[in-house]
Ligand code: BEZ
Ligand code: FE
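Numbering (this note's numbering), first residue to last: 7 to 302.
Shown next as structure tokens:
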């Protein structure tokens, strides 16, 4: 069959007919269909196509051990959230929703004791975050691991400012107590721009889009016999809560970071007043839900 614009998808799809793995065949043939339809729709000039290849090449070259430009690209295109959202169609009712992982979980969080501070710099507004890890019926999950990471109050993760920010700043790995409770001290998170000094920044600029994320703290929570969840607690009063550049905000993840002025209350938590206090409870779905799971 001659290669024509009308037949191109059919011809290339057929080249994958013999793929050994049926899932690989399905994915490659769907990719072919959609990619060829996309190219037919936009009819790029050869120069535009070279520009696209150059964009992806530079996206790859921007990746290092501490920078993941492809995740960032997937995030700003809404693809990371689409994958999360489709997976969540099977989520058990009552489980805390997942949201994007983001590109900054590339180093292990240092193990810390409950109540420790993850803020090794301590020049911003103190903040106390606590909550309970339970199953979807409210039963505590003692020993659950609670991995947290956040940008500092100026909007930087430790890995973005090596030599300026101490390693492990804004990160901690906690173990929930016998009642499933966790708590830690930190600095009040601030909204921040995603990195814009690479190809993804160029894309946002061309699109006239702002690069900001609302203030948040990342969590990965895991417990034996349960589905781990990768999620965030978003500060309700943050700028950009309605226009996250990576589309990651979900209503159930918005939390009040309440201002507390009481010095006695501050002392009880090991911070100085005024401080912010947030409560974020997390419920995990069973790893093997019943054969007819409740879905939402
Ligand atoms: C983050 O919250 O760390 C993040 C998520 C997506 C893109 C950039 C940063
Ligand atoms: Fe973040």
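Glycine included, each C-beta is placed from N, C-alpha and C at the ideal position.
Q. Residue 153 and residue 59: beta carbons closer than 8 Å?
A. 8 Å or more divides the Cβ of residue 153 from the Cβ of residue 59.
Q: Just mark residue 52 as buried or exposed, buried being the case when its beta carbon has 16 or more other beta carbons within 10 Å.
A: exposed
Q | Cut-off 7 Å between Cβ atoms - residues of its own chain near residue 302, not counting five sequence neighbours on either side | A | The predicted position of residue 302 is uncertain, since its pLDDT is 45 and thus under 50; no value can be drawn from it.
(Q) Can you tell me where the beta strand (DSSP E) holding residue 181 begins and where it ends? (A) Per DSSP, residue 181 belongs to the beta strand (DSSP E) from 177–181.
Q.
Please identify the residue among 139, 156 and 95 whose C-alpha is closest to the C-alpha of residue 123.
A. If we check each option's Cα against that of residue 123, 156 comes out closest.
Q: May I have a chain-ordered list of the alpha helix (DSSP H) segments no shorter than 4 residues that lie completely inside the region 153–233?
A: 205–213
Q | Under the three-state DSSP convention, the category residue 65 falls into | A | Here residue 65 sits in helix by DSSP.
Q. For the region 191–201 against the region 219–239, are there 3 or more C-beta pairs whose distance is under 8 Å?
A. yes
(Q) In the DSSP output, what is residue 281 paired with across the bridge? (A) 266
Q: Examine the ligand BEZ and report whether any of its heavy atoms sits within less than 7 Å of the Cβ of residue 152.
A: no
Q) If residue 2 and residue 112 are in contact, beta carbons under 8 Å, what's the gap, nearest whole angstrom? A) Nothing about residue 2 can be reported from this structure: the residues present for the chain run from 7 to 302 only.
(Q) If contact is defined by three or more beta carbon pairs under 8 Å, each pair taking one atom from either stretch, is the region 131–151 in contact with the region 285–292? (A) yes
Q. To the nearest angstrom, how far is it from the Cα of residue 300 to the Cα of residue 262?
A. Legend: pLDDT at residue 300 = 49, less than 50; position of this residue unreliable, value from coordinates given subsequently. Those two C-alpha atoms are separated by around 29 Å.
Q.
Let me check understanding here. Comparing Cα to Cα, which of 42, 32 and 23 lies closest to residue 10?
A. 42
**Q.** Spatial distance of residue 163 from residue 179 (CA atoms)
**A.** If I take the Cα positions, the gap works out to 16 Å.
Q: Answer with buried or exposed for residue 92, where buried requires no fewer than 16 other C-beta atoms within 10 angstroms of its C-beta.
A: exposed
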